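Engineer:
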Amino acid sequence: MLYLSIVILSVALLIVCKYYAGNSSNPNRLIFALGFILGLTPFAKMQSVPIALSIACIFLHTLWLKSIARGQFIRSLAAFFLGGILFSALVILYLTIFSIYDAFWKSYIQQNLLIYSTHGLMGNVNQLSFFGKINIFLRMLRRVPDTRILFLFTAIVLILGVPFLIIKRFSLSLNQEKSNTFCFVYYSLFILVASSYSIIRPGNGFTHYLLFLIIPSGFLIGVFLGELAKVLQVSQLTLSNLKLSLLTGVIFITITASFLQFATIIKLDNVYLDNCRVFAKNYLSPIAKNILKYASPGESMAVWGWASELYFDTGLIQATRAGVLGSLNYSPLQQYFFKQYADDLINSNAKLFVDAVAPRMTVFKDRKTQEHEVFPEIARVIKENYRLVDEVKGVRIYLKK
Numbered sequence: 026m027l028y029l030s031i032v033i034l035s036v037a038l039l040i041v042c043k044y045y046a047g048n049s050s051n052p053n054r055l056i057f058a059l060g061f062i063l064g065l066t067p068f069a070k071m072q073s074v075p076i077a078l079s080i081a082c083i084f085l086h087t088l089w090l091k092s093i094a095r096g097q098f099i100r101s102l103a104a105f106f107l108g109g110i111l112f113s114a115l116v117i118l119y120l121t122i123f124s125i126y127d128a129f130w131k132s133y134i135q136q137n138l139l140i141y142s143t144h145g146l147m148g149n150v151n152q153l154s155f156f157g158k159i160n161i162f163l164r165m166l167r168r169v170p171d172t173r174i175l176f177l178f179t180a181i182v183l184i185l186g187v188p189f190l191i192i193k194r195f196s197l198s199l200n201q202e203k204s205n206t207f208c209f210v211y212y213s214l215f216i217l218v219a220s221s222y223s224i225i226r227p228g229n230g231f232t233h234y235l236l237f238l239i240i241p242s243g244f245l246i247g248v249f250l251g252e253l254a255k256v257l258q259v260s261q262l263t264l265s266n267l268k269l270s271l272l273t274g275v276i277f278i279t280i281t282a283s284f285l286q287f288a289t290i291i292k293l294d295n296v297y298l299d300n301c302r303v304f305a306k307n308y309l310s311p312i313a314k315n316i317l318k319y320a321s322p323g324e325s326m327a328v329w330g331w332a333s334e335l336y337f338d339t340g341l342i343q344a345t346r347a348g349v350l351g352s353l354n355y356s357p358l359q360q361y362f363f364k365q366y367a368d369d370l371i372n373s374n375a376k377l378f379v380d381a382v383a384p385r386m387t388v389f390k391d392r393k394t395q396e397h398e399v400f401p402e403i404a405r406v407i408k409e410n411y412r413l414v415d416e417v418k419g420v421r422i423y424l425k426k
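According to this note's numbering, the sequence shown is numbered sequentially starting from 26.
1) Expressed to the nearest angstrom, what Euclidean distance is found between the alpha-carbon atoms of E324 and L317?
2) Using a threshold of 6 Å, is the CB atom of I246 nearer than that to any non-hydrogen atom of the ligand GTP?
3) Out of S73, R346, T179, A58, which has the shortest C-alpha to C-alpha gap to S142?
4) Which residues bound the beta strand (DSSP E) around A219?
5) Contact check, E396 vs V417 under 8 Å by CB: the rounded distance?
6) Got a sec, what are the start and stop residues for the beta strand (DSSP E) L413 sits in?
7) Pull up the distance between the alpha-carbon of I422 and that of K408, whole angstroms please.
8) Work out the CA separation of Q343 and L85 for me, nearest whole Å.
9) Can at least three beta-carbon pairs, one atom from the segment 218-228 and one from the segment 155-162, be found at a separation below 8 Å?
10) Return yes when the Cβ of S124 is within less than 7 Å of the Cβ of N53, no when it is not.
11) Tell whether a beta-carbon distance below 7 Å holds between I76 and S220.
12) By the DSSP assignment, the alpha helix (DSSP H) with Y126 in it spans what residues?
13) Between F362 and L115, what straight-line distance do the alpha-carbon atoms span, to the nearest angstrom?
14) Helix, strand or coil, according to DSSP, for R421 in the structure here?
15) Would you kindly work out how many angstroms separate the C-alpha atoms of L39 and S213, rounded to a whole number?
16) In whole angstroms, what separates the C-alpha of M71 from that of W130?
17) Spatial neighbours of G108 within its chain, please: CB distance less than 6 Å, with the 5 preceding and 5 following residues excluded, ordered by chain position.
18) Determine the extent of the alpha helix (DSSP H) in which L27 is found, giving its start and end residues.
19) Anyone know if the C-beta pair for I246 and V182 falls short of 7 Å?
20) Per the DSSP calculation, G330 is bridged to which residue(s)?
21) Rounded to the nearest angstrom, how far is the Cβ of L377 from that of Y366, given a contact under 8 Å?
22) Can you give me the C-alpha to C-alpha distance between T232 and M165, rounded to a whole angstrom?
23) Smallest Cα separation from N372: which of Q360, D391, V406?
24) Can you tell me which of the three DSSP states L377 falls into?
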């Protein structure tokens with residue numbers, strides 16, 4: 026759901042800019058829509074909440090700046106908060122009708138709070154200092170080639186450009202006109218900090234988290250270019266020419282960064298590019314081929330470990346609520362999820378059980394500490410209901426008795 030949360034945050038930021046520009050005939054409708062969109066973020070991905078809060082704070086500040094009368098401010102504030110709680114109210118209504126508070130609280134709210142605050146996905150991240158998490162974040166920035174050039178541009182703007190703008194602005198004399206949009210420099214920095222915090226706080230080195238920095242980076246660069254033109258007071262340019270120059274600058278930076286990044290990726294020894302022709306011809310892994318010897322697409326299967334791709338490759342239906350499950354030694358919710366998994370196995374009458382804990386698999390590799398036999402509540406269900414029929418690259422396939 027990371028992509029959905031990025032879309033939600035992008036639309037919310039666009040609405041804030043539109044409101045500040047004053048282009049709406051009915052601002053309270055726009056404000057209500059902004060509140061509603063930001064209210065979606067906890068349910069799209071909990072990790073995006075700090076970014077949503079930063080956008081909300083920015084909006085409240087712009088609302089305060091633009092409100093002429095107290096009554097107008099209160100009405101707009103009410104519209105924002107009503108929009109913000111609407112989706113949560115609908116969720117609560119749904120949970121009430123179907124009486125699933127406990128499952129929602131433990132499986133989503135409590136689990137996400139543990140993942141993004143104390144326990145991460147693989148253990149107790151309280152063992153890491155915040156500076157240790159920052160080091161993980163910096164290593165990700167250096168290690169991922171796809172975004173390296175974009176973030177390099179962002180770093181240049183952040184280290185050199187923004188201080189220059191601030192110094193130049195405060196050096197203007199009193200009779201010189203100052204930009205009325207300079208606050209967006211601070212806004213863009215605020216969103217960048219919030220986005221970085223959302224990536225750093227969990228303490229996980231998952232590089233796809235860096236997607237949270239794409240929009241803030243573009244926003245910062247765009248604001249910098251706009252304010253640079255104003256601070257330098259390029260008076261010889263007309264407004265239309267100024268807009269054209271800024272647009273040209275943004276397009277140039279975008280194309281340059283994209284071209285350089287594309288050229289870098291093509292030159293790398295990329296296993297996906299090297300094998301794209303093979304993958305395009307209905308490629309099936311040896312594990313998926315062996316699974317399909319014992320079940321047909323449309324039948325059900327449960328996977329122990331981190332191998333959700335097996336559902337996609339085989340066309341088998343996921344038999345348990347948890348698509349990814351393995352060793353949860355550090356989680357206070359371990360017993361809850363193991364019981365849920367065991368109950369789902371029995372109730373779904375899954376035809377296959379696959380233990381995907383193996384040296385060449387993702388994340389869960391150590392059979393001594395992570396295979397299903399290590400956990401009595403899971404081992405008992407498998408022993409009573411399934412028998413081992415095959416093993417491929419360390420991945421064991423069990424068939425329903």
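Quick reminder that beta carbons are idealized off the backbone N, C-alpha and C, glycines included.
Every value quoted in this text rests on a predicted model; they were computed, and no experiment measured them.
Structural biologist: Concretely, from the data shown:
1) Here residue 324 corresponds to residue number 299 of the sequence shown, with the count starting at 1. Here residue 317 corresponds to residue number 292 of the sequence shown, with the count starting at 1. Taking the straight line from one Cα to the other gives about 10 Å.
2) Only the bare structure without any ligand can be found here, which leaves the ligand GTP out of the picture.
3) The sequence position of residue 142 within the sequence shown is 117, counting from 1. Nearest of S73, R346, T179, A58 to S142, Cα basis: S73.
4) In the sequence shown, counting from the first residue as 1, residue 219 sits at position 194. Not the beta strand (DSSP E): A219 falls in the alpha helix (DSSP H), residues 208-225.
5) Residue 396 sits at position 371 when you count from the first residue of the sequence shown. Residue 417 sits at position 392 when you count from the first residue of the sequence shown. With a Cβ gap of about 15 Å, E396 and V417 do not count as contacting.
6) The residue you call residue 413 lines up with position 388 of the sequence shown. That run of the beta strand (DSSP E) goes 411-417.
7) The residue labelled residue 422 in the question sits at position 397 within the sequence shown. The residue labelled residue 408 in the question sits at position 383 within the sequence shown. Distance from the CA of I422 to the CA of K408, rounded to the nearest whole angstrom, comes to 13 Å.
8) Counting from 1 along the sequence shown, the entry for residue 85 is found at position 60. Counting from 1 along the sequence shown, the entry for residue 343 is found at position 318. Their Cα atoms are separated by approximately 44 Å.
9) Short answer: they touch.
10) Here the question's residue 53 lines up with position 28 in the sequence shown. Here the question's residue 124 lines up with position 99 in the sequence shown. No, Cβ-Cβ distance for N53 and S124 is not below 7 Å.
11) Translated into the one-based positions of the sequence shown, residue 76 becomes position 51. Translated into the one-based positions of the sequence shown, residue 220 becomes position 195. Yes, the Cβ-Cβ distance between I76 and S220 is below 7 Å.
12) Counting from 1 along the sequence shown, the entry for residue 126 is found at position 101. First-last of the alpha helix (DSSP H) with Y126: 126-129.
13) For the purposes of this step, residue 362 is taken as the residue at position 337 of the sequence shown. For the purposes of this step, residue 115 is taken as the residue at position 90 of the sequence shown. Going from the Cα of F362 to the Cα of L115 covers about 26 Å.
14) Residue mapping note: residue 421 aligns to position 396 of the sequence shown, counting from 1. Correct three-state label for R421: strand.
15) Start at 1 with the first residue of the sequence shown, and residue 39 comes out as number 14. Start at 1 with the first residue of the sequence shown, and residue 213 comes out as number 188. Rounded to the nearest whole angstrom, the CA to CA distance from L39 to S213 is 13 Å.
16) Taking the sequence shown and counting its residues from 1, the one referred to as residue 71 is at position 46. Taking the sequence shown and counting its residues from 1, the one referred to as residue 130 is at position 105. Taking the Cα positions, M71 is about 13 Å away from W130.
17) Translated into the one-based positions of the sequence shown, residue 108 becomes position 83. So the qualifying residues of the chain are F57, G60, F61.
18) Your numbering for residue 27 matches position 2 in the sequence shown. 27-46 is the extent of the alpha helix (DSSP H) around L27.
19) Reading the sequence shown from its first residue, position 221 is the one you call residue 246. Reading the sequence shown from its first residue, position 157 is the one you call residue 182. If you check the CB distance, I246 and V182 come in under 7 Å.
20) Counted from its first residue, the sequence shown places residue 330 at position 305. Paired residues: L350.
21) Taking the sequence shown and counting its residues from 1, the one referred to as residue 377 is at position 352. Taking the sequence shown and counting its residues from 1, the one referred to as residue 366 is at position 341. 15 Å between Cβ atoms; not a contact.
22) Residue 232 sits at position 207 when you count from the first residue of the sequence shown. Residue 165 sits at position 140 when you count from the first residue of the sequence shown. Going from the Cα of T232 to the Cα of M165 covers about 6 Å.
23) Translated into positions along the sequence shown, residue 372 becomes position 347. It is V406.
24) Taking the sequence shown and counting its residues from 1, one reaches residue 377 at position 352. If DSSP states are grouped into helix, strand and coil, L377 belongs with the strands.
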